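Quick notes on the structure that follows.
Residue numbers (UniProt numbering): 1 to 335.
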């Protein structure tokens, strides 16, 4: 397609009625080691639109799509046959994992991919590095990207071992009522009629989100995860009956990313609650009710003559039932 006539990506802040999905994508963008986001839902629910909108939000981020019929060599890389035939030298030809570095790797119908490809994807998404040892070549390159996988459960499920390795999971349902459908239709038709006008209307919101992600990435390692947040994650994972400790770690990393997005220096119990459902949804084995949050210890008083720590952000406390939460920053999703 001619770049001059190509329709731009839909604005991230213009997505209608998907606050949980938007939050999950932003958290994965802040901390790529989360392992990506799995979006499950019926056809036509804007799963790919959301993924493209996230890539457009990140400055200079490539958007790479893994075709359903791709081979393992296309994904991880292979020998450059032309060079080998021409001068007899073995050279490595990077694959899609290398091309996606610094951007978004989108996999539609991930549940229909061969397990070997899904394993390679998830390994690279979690580690940020991809290594190839084959045919006399040893290659290691950076491969940090936001993995976004989508699937329609009607077409088959992922094996539990692979599900567990996705960091966050969000289920999208069809619009709940005709009013919601109308709002989505109006927004989409307005974009189709005049994309540049809609982009201009949401440019400030998207720019603020892009800056928030960049700032959160820079401060992520300085955000403290205290004992109260750690205890809450352990309580929730235990109540859900998950295997291993991956769910606990994902909850804490996602809560840390949420605190960083909100401009805070420490993770609160409410942050853990805000991300827990997306971390536990695809791992839960026990349908027991979730435990109530433990009370947090009061913060120590400020030292004599010093100022208090300041505002810890405006994220309201969330109930243990994991209702959808507001996104951090000045922007709020449209109704």
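Positions of the beta carbon are idealized from the N, C-alpha and C atoms, including for glycine. Keep in mind the model is a prediction, meaning the values are calculated, not measured.
- Contact annotation, residue 62 with residue 99: C-beta distance approximately 6 Å; criterion of less than 8 Å satisfied.
- The alpha-carbon of residue 236 is positioned some 8 Å away from that of residue 276.
- In the three-state scheme derived from DSSP, where H, G and I count as helix and E and B as strand, residue 157 is classed as coil.
- Residue state for residue 109 is assigned as coil, using DSSP reduced to three classes.
- With 16 or more other CB atoms across the displayed protein chains lying within 10 angstroms of its CB, residue 279 is buried.
- Counting only runs that start and end inside the region 160 to 191, the beta strand (DSSP E) elements of at least 3 residues fall at 168 to 171.
- Contact between residue 112 and residue 157 does not hold, since their C-beta atoms are separated by about 11 Å, which reaches or exceeds 8 Å.
- Note on residue 253: 16 or more other CB atoms within 10 angstroms of its CB, so buried under the neighbour-count rule.
- The criterion of a C-beta distance shorter than 8 Å is satisfied by residue 54 and residue 104.
- Remark: C-beta atoms of residue 171 and residue 44 do not approach each other more closely than 8 Å.
- By DSSP's assignment, residue 146 forms a beta bridge with 104.
- Looking at the backbone, the Cα of residue 255 and that of residue 241 are separated by about 20 Å.
- Cβ atoms of residue 221 and residue 266 stay farther apart than 8 Å, at about 13 Å.
- A Cβ-Cβ separation of about 6 Å places residue 96 in contact with residue 66 under the 8 Å criterion.
- When secondary structure is reduced to three states using DSSP, residue 284 falls in the coil class, being assigned neither helix nor strand.
- Looking from the CA of residue 247, the closest CA among 8, 197, 273 and 124 belongs to 273.
- A residue is called buried once 16 or more other Cβ atoms fall within 10 Å of its Cβ, and residue 71, having fewer, is exposed.
- Closest in alpha carbon position to residue 263, among 283, 231, 216 and 270, is 216.
- Proximity of the region 193 to 210 to the region 6 to 17 meets the contact definition, three or more beta-carbon pairs being nearer than 8 Å.
- In the three-state DSSP reduction, residue 70 falls in the coil class, being neither helix nor strand.
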